[in-house]
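The structure appears right after this line, and notes come after that.
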Amino acid sequence: MPDLLAARSQMAVSLAFHIVFAVIGIAMPLMMVLAERRWQVTGHAIYLDLAKRWAKGTAILFAVGAVSGTVLSFELGLLWPRFMEFAGSIIGMPFSLEGFAFFTEAIFLGIYLYGWDRVSRRAHLWAGVAVAVSGAASGIFVVIANAWMNAPTGFALLNGQVVNVNPFAAMANAAAVSQTLHMTLAAYAATGFAVAGIHAFLLLKDPANAFHRRALEIALIVGAPAAVLQPISGDLSARHLAAHQPLKLAAAEALFRTQAGAPLTLGGWPDVAARETGFAVRVPYALSLLAFHDPHAVVRGLDQVPESDWPNVPAVHFSFDVMVAAGSYLALVALWTGWLAWRRTDLAHNRWLMRALAVATPLGFIAVEAGWMVTELGRQPWVIYGVLRTADAVTPMPGLMVPFLTFTLLYCFLGVIVAWLLYRHIIRSPAVPEWRGFYMPPGSGA
Amino acid sequence: MTLADVLAGIVFVALNAYAVLGGADFGGGAWDLLALGPRKERQRELVAEAIGPVWEANHVWLILAIVLLFTCFPPAFARLGTLLHIPLSLVLIGIVLRGSAFTFWRYGSPGGEDERRWGVVFAIASLMTPLLLGTAAGAIASGALGDGGRGSGDFYDTYVAPWLNPFALSVGLFALIAFAFLAAVYLTLEARERELQEDFRRRALASGAGLFLAAVLALLLSLDGAPRVRDGLIFAAWAVPLHLLTAVAAASALVALWVRRWGVARVAAAAQVSLILWGWALSQYPYILPPDLSIAGAAAPAATLRLMLGVLAVGAVVLLPSLFYLFRIFKRPDA
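Same order as they appear, the protein sequences are chains A and B. Per my numbering, residue 1 is the first one in the first sequence, and the count goes up by one each step. Per my numbering, residue 447 is the first one in the second sequence, and the count goes up by one each step.
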């Protein structure tokens with residue numbers, strides 16, 4: 001394996017691992033605070049149990065997220081020193097803001113987890129709110145830095161030297177709004193549906209279980225609105241790509257030829273040599289319509305640049321389809337849930353809905369991972385789009401296969417353990433039988 | 447003093463905070479491994495209770511130092527990442543294992559079979575991380591991370607020799623003992639029972655003596671290994687007053703431990719470790735990475751530095767009250 005590929009793979013593994021914990025760290029505190037608030041309002045112990053159970057899960061996941069995030073901040077220098085030397089002064093500011101947001105999150109999570117008996121009920125709830133808000137803020141700051149890599153601005157180049165650095169302008173880059181919106185919604189949708197899915201699965205066996213019913217309710221309150229809004233934010237992202245990163249959109253849509261009235265290509269396998277995508281479903285004019293809100297607009301294809309500057313078209317196209325498919329499924333299930341809730345149906349006794357939710361459990365996270373594949377692979381061969389090539393940013397140190405394998409093994413090991421711990425303590429929890437059969441009619445108490 | 451100097455100073459303040467706060471959390475892990483005697487389990491329990499609510503917040507000081515470094519001094523960060531790739535990767539593995547093992551241990555299976563196993567991983571990672579972090583600091587101080595080292599072709603000379611040498615390793619040892627010393631001193635204050643206080647008092651006194659020996663060893667090895675640090679620590683105008691202050695802090699810590707004034711000992715021990723760190727920083731000033739990369743030479747453009755100062759001011763307004771609140775809840779002597 002060449003060193004560049006090893007470095008990219010290590011970064012990919014580190015990001016793919018960390019993002020799961022980062023996403024949960026954004027949304028889980030919100031659910032925990034909602035449960036605690038309901039406990040304080042209704043006085044029903046079931047919500048306290050829920051809040052404590054979710055807090056326990058947050059504790060495990062936040063710790064792994066914190067340390068794997070530290071790895072990433074170092075890896076920027078360990079693997080991409082030339083990128084950081086170039087970009088540090090331009091884009092370090094959102095990272096520093098993220099540092100403060102993360103600091104706040106860690107402080108108040110400590111207070112939340114260990115302070116049940118040490119601070120007032122009010123202060124405890126507000127500590128949870130501080131965790132939820134600063135968690136979302138740190139995610140937003142990091143994504144702003146990534147958005148800059150897609151839409152670099154806030155500096156000028158003079159004979160290869162960076163001049164006229166303006167960190168505020170760099171933060172206000174063209175991709176910032178669409179990317180942060182898309183990612184933040186994704187965090188709530190993925191976590192909300194993962195939790196809802198688990199409890200829906202358990203409700204299939206025991207639909208009257210009040211604990212799972214309440215958990216499902218709160219998880220859906222967090223996940224469903226985000227899942228419904230996500231396609232709108234996706235549309236914003238697609239239009240941004242069409243205007244600013246046409247090659248990424250072309251790769252995502254396997255659009256080899258620049259054309260007016262471009263079709264939307266669903267599925268299929270792009271054959272790069274033949275410049276065509278076999279076995280695909282094409283929706284005429286749909287891509288032009290989505291990208292420019294005009295069925296006859298010209299969409300730029302891969303033919304705009306030489307093939308050596310293309311991203312990996314099959315990988316980007318496949319990831320994009322996976323993301324869109326998983327996201328659409330969540331949005332449809334969310335709409336269905338909303339309709340049933342509006343009709344005041346008892347959700348937990350609707351077996352088809354519970355099955356559909358159980359299927360959704362992993363889909364949000366699959367969409368998150370696939371979405372990052374689209375944005376990262378779609379930017380290649382550039383690390384800073386149009387400015388610095390990934391191959392020019394990598395460390396000169398040889399033998400990068402060794403750290404890549406080491407960190408991959410470490411993360412596989414940790415992943416297995418975290419999954420097992422969560423299964424053992426959060427889902428198959430000893431306290432559940434206490435609530436079994438304890439039926440609470442919908443609308444009572446809450 | 448330039449703007450770049452101020453920001454370099456702030457990066458070092460973050461490192462200093464990491465050393466006296468996060469460092470003590472690592473030191474706690476060392477005492478977990480060395481838990482002995484009839485109160486073995488209670489010692490471990492005390493360490494875990496002391497670390498639990500604060501270790502994640504303390505850990506963020508390191509992240510803050512890193513992001514400030516790569517924002518304000520990008521070439522220094524790039525060179526550190528390149529030449530210290532191996533020890534820093536090992537530090538990361540240590541950080542990952544320490545943090546996750548601690549959480550798995552505390553939130554895992556109370557009383558279960560695997561509980562102690564995670565405790566062992568936590569303790570070993572707590573030893574490994576400061577040792578390697580100190581070694582990396584030793585490599586910086588020794589002036590081995592010059593630009594000349596880059597791209598010379600020889601893997602060992604470029605990526606291994608700068609840190610795998612007696613001086614750098616002696617700094618690693620020093621860091622390990624310093625963190626263990628801090629942890630033992632803090633734990634005398636955290637302990638509720640008289641016997642536990644005495645356990646950690648003995649440990650604090652022993653590691654305090656060990657710290658002195660490690661300092662002498664590092665100083666002796668610096669004669670050869672780190673001439674700049676040696677010259678700074680011996681001949682500079684500030685050297686004598688700084689050494690006097692450090693000696694006063696060290697003596698106060700030991701005397702306070704001896705007469706069981708735990709609160710005084712905590713302040714004096716933290717001051718002692720901080721003064722040693724600032725001695726290192728002053729000895730290599732104006733270089734951020736001796737022998738050739740100066741603070742001015744590595745500094746980001748003035749626009750970035752000015753903005754970062756603003757970010758730090760705003761950040762401090764959020765951070766400092768929050769930190770104060772955290773420590774008031776969990777670290778008040780009567781809490």
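Quick reminder that beta carbons are idealized off the backbone N, C-alpha and C, glycines included. All values derive from a computational prediction rather than experimental measurement.
- Nearest Cα to residue 38(A) within the set 218(A), 324(A), 269(A), 89(A): 218(A).
- Taking 8 Å as the Cβ-Cβ cut-off, the region 315-327 of chain A has no residue approaching chain B.
- Within chain B, no C-beta atom comes less than 9 Å from the C-beta of residue 52(A); the nearest is roughly 12 Å away.
- At least one C-beta of chain A is nearer than 8 Å to the C-beta of residue 512(B).
- Taken in chain order, the whole alpha helix (DSSP H) runs of length 4 or more contained in the region 659-740 of chain B are 673-681, 685-704, 708-730.
- Around the CB of residue 487(B), fewer than 16 other CB atoms lie within 10 Å, so the residue is classed as exposed.
- Secondary structure at residue 339(A): helix, using DSSP grouped into helix, strand and coil.
- Contact between residue 94(A) and residue 171(A) holds, with the beta-carbon distance rounding to 6 Å and staying under 8 Å.
- Residues of chain B with a Cβ closer than 7 Å to the Cβ of residue 144(A) do not exist; the shortest Cβ-Cβ separation is about 13 Å.
- For residue 239(A), no pairing in a beta bridge is given by DSSP.
- For a Cβ distance threshold of 7 Å, residue set 63, 66, 67 of chain A lies close to residue 545(B), ordered along the chain.
- If you check the CB distance, residue 529(B) and residue 602(B) do not come in under 8 Å.
- Across the set 533(B), 454(B), 450(B), the C-alpha of 533(B) shows the shortest separation from the C-alpha of residue 608(B).
- Burial check for residue 205(A): the Cβ neighbour count within 10 Å stays below 16, so the residue is exposed.
- One Cα belongs to residue 612(B), the other to residue 591(B), and the distance between them is close to 16 Å.
- The continuous beta strand (DSSP E) containing residue 276(A) extends over residues 276-278.
- DSSP places residue 576(B) within a helical segment (H, G or I) once states are collapsed to three.
- Across the set 162(A), 92(A), 185(A), the C-alpha of 92(A) shows the shortest separation from the C-alpha of residue 145(A).
- Per DSSP, the continuous beta strand (DSSP E) segment holding residue 270(A) begins and ends at 269-271.
- In the structure shown, residue 382(A) falls within a strand segment according to DSSP collapsed to helix, strand and coil.
- In the three-state DSSP reduction, residue 70(A) falls in the helix class (H, G or I).
- The contact set of residue 89(A) on chain B, defined by CB atoms closer than 7 Å, consists of 517, 520, 746, 747, 750 in chain order.
- Nearest neighbour of residue 299(A) by Cα position, chosen from 72(A), 254(A), 403(A), turns out to be 254(A).
- Counting the other CB atoms within 10 Å of its CB gives residue 29(A) a total of 16 or more, which places it among the buried residues.
- With distances taken between CA atoms, residue 192(A) lies nearest to 215(A) out of 215(A), 202(A), 80(A).
- When DSSP reads this structure, residue 266(A) sits in a beta bridge with 281(A).
- According to the DSSP secondary-structure assignment, residue 158(A) is paired through a beta bridge with 161(A).
- Taken through DSSP and simplified to helix, strand or coil, residue 607(B) comes out as coil.
- Neighbours of residue 605(B) across chain A, judged by C-beta separation under 8 Å: 397.
- Taken in chain order, the complete beta strand (DSSP E) segments of 3 or more residues contained in the region 340-377 of chain A number zero; there are none.
- Spanning the alpha carbons of residue 398(A) and residue 3(A) requires a straight line of approximately 6 Å.
- If you draw a straight line from the Cα of residue 639(B) to the Cα of residue 489(B), it comes to about 11 Å.
- 714(B) is the residue among 551(B), 714(B), 675(B) whose C-alpha sits nearest the C-alpha of residue 693(B).
- Here the region 8-17 of chain A makes contact with the region 399-406 of chain A; the two share three or more CB pairs at distances below 8 Å.
- For residue 169(A), same chain residues with a beta-carbon under 7 Å away, outside a window of 5 residues either side, are 153, 154 in chain order.
- For residue 298(A), the secondary structure class from DSSP, reduced to helix, strand or coil, is strand.
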